[in-house]
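Numbering (the working numbering), first residue to last: 3 to 175.
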């Protein structure tokens, strides 16, 4: 009976260690950018590191086709509406093969904004995009551009939402 209890305790211990490591978050922060965000899983790997010349950062989820994140900063007029910003972005996207615009949704995290969804085809495979427009100042909007295979991006939607919710501006900037 004691051996059974011991093996049960050891098994539960392994399960707990695995569960905690599976839900481990890591934070992105870099001295070359004014923002931070949390990555919900270690599967997100940085592919483009920001520098003093280019403040852009890019991550992939496992493989680029599974999920790709680009963070871009836009300077806008103080009275620009999210719908206008989305239309400007959509003008670039409409030339993608099989492009179909999705719906816009309101979004709330550290900053409120809009989410724009769309679909397209790349190399005969159904792809999708989910762009978060987050207004961090009267004239500053950050766009978190997620793209990937349609089914893969759908399965990590909770992670894309989490990254956008934790997107924040550093206090010392």
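Using N, Cα and C, we set each Cβ at its ideal position, and we do this for glycine too.
What residues match up with residue i in a beta bridge as DSSP calls it?
{"i": "residue 124", "result": "127"}
{"i": "residue 30", "result": "39"}
{"i": "residue 95", "result": "Partner(s): none; residue 95 has no beta bridge."}
{"i": "residue 146", "result": "73, 134"}
{"i": "residue 47", "result": "62"}
{"i": "residue 102", "result": "121"}
Leaving aside the five residues before and after residue i along the sequence, list all residues of the same chain whose C-beta is less than 8 Å from its C-beta, in chain order.
{"i": "residue 159", "result": "132"}
{"i": "residue 52", "result": "32, 34, 35, 58, 59"}
Tell me which same chain residues have a C-beta within less than 7 Å of the C-beta of residue i, skipping the five on either side of it?
{"i": "residue 69", "result": "62, 63, 148, 150, 154, 155, 158"}
{"i": "residue 123", "result": "99, 100, 129"}
{"i": "residue 138", "result": "113, 144, 171"}
{"i": "residue 108", "result": "116"}
{"i": "residue 125", "result": "none"}
On the three-state DSSP scale, how would you describe residue i?
{"i": "residue 55", "result": "coil"}
{"i": "residue 38", "result": "strand"}
{"i": "residue 107", "result": "strand"}
{"i": "residue 136", "result": "strand"}
{"i": "residue 88", "result": "helix"}
{"i": "residue 116", "result": "strand"}
{"i": "residue 171", "result": "strand"}
{"i": "residue 154", "result": "helix"}
{"i": "residue 141", "result": "coil"}
{"i": "residue 163", "result": "helix"}
Excluding the 5 residues preceding and the 5 following residue i in the sequence, name in chain order all residues of the same chain whose CB lies nearer than 6 Å to its CB.
{"i": "residue 37", "result": "171"}
{"i": "residue 118", "result": "88, 106, 133"}
{"i": "residue 72", "result": "60, 147"}
{"i": "residue 80", "result": "140, 141"}
{"i": "residue 39", "result": "30, 165, 168, 169"}
{"i": "residue 48", "result": "61"}
Closer than 7 Å: is that where the CB of residue i sits relative to any heavy atom of the ligand NAP?
{"i": "residue 44", "result": "Questions concerning the ligand NAP fall outside what the structure shown contains, since it holds no ligand whatsoever."}
**Prompt:** For the segment 137-147 against the segment 76-93, are there 3 or more C-beta pairs whose distance is under 8 Å?
**Reply:** Yes: at least three Cβ pairs fall under 8 Å.
**Message:** When you compare the segment 124-141 with the segment 154-169, are there three or more beta-carbon pairs, one atom per stretch, that lie closer than 8 Å?
**Reply:** yes
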